[in-house]
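Report on the structure given below.
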Amino acid sequence: MAQYETTSEVIVSQKVKVALLWLKDILESKQISYQIVGGLAAKIHGGSREVADIDLYIHKSDVHKILADVSQYISKPLTHYIEGSWDLEYFQLIYGSQKIEIGLAPGTKIRASEGDKWHELHTNFERSVSGEYLGVVVPTIPVDYLVAYKRVLGREVDLIDIQELTGEIAP
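Just so you know, we're using the working numbering here: the sequence shown kicks off at 18 and counts up by one.
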C-alpha cells in the first residue's frame, strides 16, 4: 500500500477508488472493453503524482451501452472536442466530485509539443495489462505505450511521468 504524505492525498485517493469501482462495475456489467490511460495509468505503473482524473478509452461502438447508466453524471456531453493537445470524441462525468473522462477509440489524435504535428493515438485494448489501484484491478495501457504517447505530448506532467516510469530525464 502506498505511503501518503497528507490527509488530502488519502481523501483524493479514496475518491478516485470509489469512482473507479463504480465505473468498473458499469463497464464490466455491460461487457465493455476499456483501457485506463493518463495520470491514473502512470500512478498504477509506479508514478507518484496525485491522480487528478480518471482517463480511459472505450470502443466507439460501445458508447451507446453506457450513456443511459451515466447520464445523470455527465458534465460535458459526448461530442468531438479539440482542446489543447487533444483531438478526440469524449464525454466527461463527475461522480462524487471525481472527474472521469471517457474517450472513444479509434479516432484520437494528439499534438506533438515540438513541431505542432498531430499524431493518431492507437488504443490497443488487446494489449492492456492488468493494473491495480488501491486494490481495484483494471485493464491499463502498457507502460511502453503510455511513455510513448507522453513523449509526443511533452507537457510538464508528462515529462515528470516519463522520468518516474523510465528513470530517464525526458528532453
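Using N, Cα and C, we set each Cβ at its ideal position, and we do this for glycine too.
Buried or exposed: where does residue i fall if 16 or more other Cβ atoms within 10 Å of its Cβ makes it buried?
i: Val164; result: buried
i: Ser145; result: buried
i: Glu149; result: exposed
i: Gln180; result: exposed
i: His62; result: buried
i: Ala85; result: exposed
i: Lys167; result: buried
i: Gly120; result: buried
Tell me the residue span of the beta strand (DSSP E) that contains residue i.
i: Lys126; result: 126 to 128
i: Asp133; result: Where Asp133 is concerned, there is no enclosing beta strand (DSSP E), given that its DSSP letter is neither H nor E.
i: Asp70; result: Counting along the chain, Asp70 falls outside any beta strand (DSSP E), and DSSP gives it neither H nor E.
i: Glu149; result: 146 to 150
Put residue i into one of helix, strand or coil per three-state DSSP.
i: Val155; result: strand
i: Gly56; result: helix
i: His81; result: helix
i: Ile99; result: strand
i: Ser50; result: coil
i: Glu106; result: strand
Identify the continuous alpha helix (DSSP H) that holds residue i and give its terminal residues.
i: Thr203; result: There is no way to answer for residue 203, as the model of the chain reaches only from 18 to 188.
i: Leu189; result: For residue 189 there is no data in the structure shown, the boundaries of the chain being 18 and 188.
i: Tyr166; result: 160 to 170
i: Gln115; result: No alpha helix (DSSP H) holds Gln115; the beta strand (DSSP E) holding it covers 115 to 122.
i: Glu173; result: 173 to 183
| message | If contact is defined by three or more beta carbon pairs under 8 Å, each pair taking one atom from either stretch, is the segment 121 to 138 in contact with the segment 102 to 111? | response | yes
| said: Count Cβ pairs between the segment 127 to 146 and the segment 170 to 177 that sit closer than 8 Å; are there 3 or more? | reply: yes
| query | Counting Cβ pairs closer than 8 Å, one from the segment 57 to 67 and one from the segment 39 to 49, do we hit at least three? | reply | no
| task | Determine, using beta-carbon pairs with one atom in the segment 84 to 100 and one in the segment 137 to 156, whether at least three such pairs fall under 8 Å. | result | no
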